[in-house]
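Participant:
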Amino acid sequence: MLHFSSLELCGPIRDAIAHAGYDTPTPIQAQAIPPVLAGRDLLGCAQTGTGKTAAFALPILHRLHIAPADKKRRGPVKPRALVLSPTRELASQIDESFGTYGQCTGLRHTVIFGGVSQFHQVRQLHRGVDILVATPGRLIDLMEQGHVDLRNIEVFVLDEADRMLDMGFIHPIRRIAAALPVQRQTLLFSATMPRNIMHLADSLLHNPVKVAVTPTPSTTPCIEQSIYMVRREAKPALMEHLLAQRAVKRALVFTRTKYGADKLTRRLTRAGVMATAIHGNKSQNQRRHALESFRSGRSRVLVATDVAARGLHVEGITHVFNFDLPREPEAYVHRIGRTGRAGATGIAISLCDRDERVHLRAIEQLTGTRLETMSEPPAIQVNPRPDKRHADRPRQDRPSKSTRGASSGPARAGTRSNAPANGSQRRARKAGSRPAGARAGRRCANRSKRIRRSPA
Ligand code: AMP
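Throughout the sequence shown, residue numbering follows my numbering, covering 2 to 457 in sequence.
1. Kindly indicate which three-state DSSP category Met230 falls into: helix, strand or coil?
2. Fully enclosed by the stretch 6-92, which beta strand (DSSP E) runs are 3 residues long or longer?
3. Roughly how many angstroms lie between the CA atoms of Asn423 and Thr374, to the nearest whole one?
4. In the DSSP assignment, find the unbroken beta strand (DSSP E) run with His320 in it and report its ends.
5. When every heavy atom of the ligand AMP is checked, does at least one fall within less than 7 Å of the C-beta of Tyr333?
6. Taking 7 Å as the cut-off, is the C-beta of Ala33 nearer than that to any heavy atom in the ligand AMP?
7. So if DSSP puts Leu188 in a beta bridge, which residue, or which two residues, is it bridged to?
8. Judging by CA-CA distance, which residue of Phe99, Pro35 and Glu90 is the nearest neighbour of Val117?
9. Let me check you understand the geometry: is the CB of Tyr102 closer than 7 Å to at least one non-hydrogen atom of the ligand AMP?
10. Where do the ends of the beta strand (DSSP E) carrying Val214 lie?
11. Among all the DSSP beta bridges, which residues are the ones paired with Thr277?
12. Would a C-beta distance cut-off of 8 Å place Val254 and Val302 closer than the cut-off?
13. Do Thr49 and Gln226 have their C-beta atoms within less than 8 Å of each other?
14. Report the three-state DSSP secondary structure of Ser98 (helix, strand or coil).
15. On the criterion of 16 or more Cβ atoms from any shown chain inside 10 Å, does Tyr260 qualify as buried, or is it exposed?
16. How many angstroms separate the CA atom of Leu32 from the CA atom of Arg288?
17. What does DSSP give as the partner residues of Val117 in its beta bridges?
18. Would the beta-carbon of Leu326 fall within 8 Å of that of Leu361?
19. Quick one: is the Cβ of Pro26 within less than 7 Å of any heavy atom of the ligand AMP?
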């Protein structure tokens, strides 16, 4: 197995890696670091969680450390490496990583992003930095005001490029790229490689080395996944019901829209669930507060949109709920990867209404996993009539005849089909010895499908 010592990184960086407790490079690091050290452009297909930050940060730090800026030149140091990131959270985390990996190099780094006063950011820039991490909007603002000079940039990194394009940053990216020296090294990372990313890569990269680390069902830890086929109007009640289970210690709930995140958070709070929302309309302070509250355990539930959850690393998330299914199947893998980290088992539960089935199919195709379909617990049914719309979705583990109906023992009490129940089945379920929540919880824990996530 490859070890960091074989990567020819300079001493101060090797020390910092050892200090961080890293032993061996992750696959993306093993593939990316050697060509980046050799000065090649790179096109990397990798998600957050694969160790991609170190894959670009370590060789950048090495390069800047072994060839320091001209000390005799007067005035503050101008940035020599620029990392563009789509969100403030991710930008902050990247900047922190530069701090961790570069702690023994003496190189200066800072992060700039919108939503906060520019005062301290401008002061840092005027003091001089070697490495600048930025979100595109604030960078353009500060460039226009003459606070940033990008003429000395040697390495340019575009992180989560697909997300940046989704967020409409293509023009800012092109403007920023136009302000950089033509002679430079460019590294582009993206979780997905749709056509618009390939076009962008073609225009920015020169003969790049291509590396890919795809999270597939054949890589490490376990995430138990299941899905509830549920009517849209029943989702909030089901969500409340699922969150009430004792096994749910720390949960991340994804909604599709900011409005949806706020609405669900209000409802959960009214129901006594300690929940906070995090999304793009929240100020930086509100986001930080929400994250702190979630990290410290004051809020057990964080309701987030995809954009806000990018780069979010919180230890000990036991459950990820998809209140809405994501429109891109890759986002599903990314979302559920927030749980089951560091070898722990995580649970991912999704709620899917009729209109979202197309997204469910795409997810199952991408992950190669057929999610186990759970039934709506009777306690939360908004409309107790059986839902014929979902009757055509076959169950994965249809109970045997002997376990159906009133005679089913506690071990199989929750096992039932999504197909319309007959009268005696319904009565039997209502009279079941376990509460619906316990049944659902047990099934989640015991029999949900597992997929594997990439290491790191
Ligand atoms: P990233 O994908 O860069 O956000 O990294 C995900 C997590 O993996 C971070 O918490 C890193 O500290 C951690 N990590 C990165 N590289 C390694 C490594 N080689 N060994 C162990 N952990 C790592």
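Positions of the beta carbon are idealized from the N, C-alpha and C atoms, including for glycine.
Facilitator: Well, looking at it:
1. In the sequence shown, counting from the first residue as 1, residue 230 sits at position 229. If DSSP states are grouped into helix, strand and coil, Met230 belongs with the strands.
2. For the beta strand (DSSP E) assignment, the uninterrupted runs of no fewer than 3 residues enclosed by the stretch 6-92 are, from N- to C-terminal side, 43-46 and 82-85.
3. Position 422 of the sequence shown holds residue 423. Position 373 of the sequence shown holds residue 374. Residue placement at Asn423 is poorly supported in this model, since its pLDDT is 40, which falls under 50; the coordinates are not used for a value here.
4. Position 319 of the sequence shown, counted from the start, is the residue given in the question as residue 320. His320 to Asn323 is the span of the beta strand (DSSP E), which, as asked, contains His320.
5. Position 332 of the sequence shown, counted from the first residue, corresponds to residue 333. Checking every heavy atom of the ligand AMP against the Cβ of Tyr333, none is found closer than 7 Å.
6. Position 32 of the sequence shown holds residue 33. Incorrect: Ala33 has no Cβ contact closer than 7 Å to the ligand AMP.
7. For the purposes of this step, residue 188 is identified with residue 187 of the sequence shown, where counting begins at 1. Beta-bridge partners assigned by DSSP to Leu188: Leu43 and Val158.
8. If you number the sequence shown from 1, residue 117 lands on position 116. Nearest option by C-alpha distance: Glu90.
9. Taking the first residue of the sequence shown as 1, we reach residue 102 at position 101. Checking the 7 Å criterion, the Cβ of Tyr102 is out of range of every heavy atom belonging to the ligand AMP.
10. Position 213 of the sequence shown, counted from the start, is the residue given in the question as residue 214. For Val214, there is no enclosing beta strand (DSSP E), as DSSP gives it neither H nor E.
11. The residue given as residue 277 occupies position 276 in the sequence shown. Secondary-structure assignment with DSSP links Thr277 through a beta bridge to Leu303.
12. The sequence position of residue 254 within the sequence shown is 253, counting from 1. The sequence position of residue 302 within the sequence shown is 301, counting from 1. Their beta carbons are under 8 Å apart, which means Val254 touches Val302 by this criterion.
13. As a working note, residue 49 is residue 48 in the sequence shown. As a working note, residue 226 is residue 225 in the sequence shown. Their beta carbons are not under 8 Å apart, which means Thr49 does not touch Gln226 by this criterion.
14. The residue you call residue 98 lines up with position 97 of the sequence shown. Residue state for Ser98 is assigned as helix, using DSSP reduced to three classes.
15. Locating residue 260 in the sequence shown gives position 259, counting from the first residue. Exposed, because fewer than 16 other Cβ atoms sit within 10 Å of the Cβ of Tyr260.
16. In the sequence shown, the residue the question calls residue 32 occupies position 31. In the sequence shown, the residue the question calls residue 288 occupies position 287. The displayed chain sequence assigns Gln, not Leu, to residue 32. Roughly 34 Å separates the two Cα atoms.
17. Taking the first residue of the sequence shown as 1, we reach residue 117 at position 116. Residue pairing from DSSP leaves Val117 without any beta-bridge partner.
18. Reading the sequence shown from its first residue, position 325 is the one you call residue 326. Reading the sequence shown from its first residue, position 360 is the one you call residue 361. Yes, Cβ-Cβ distance for Leu326 and Leu361 is below 8 Å.
19. Sequence index remark: in the sequence shown, residue 26 carries index 25 (1-based). Under cutoff, so the answer is yes.
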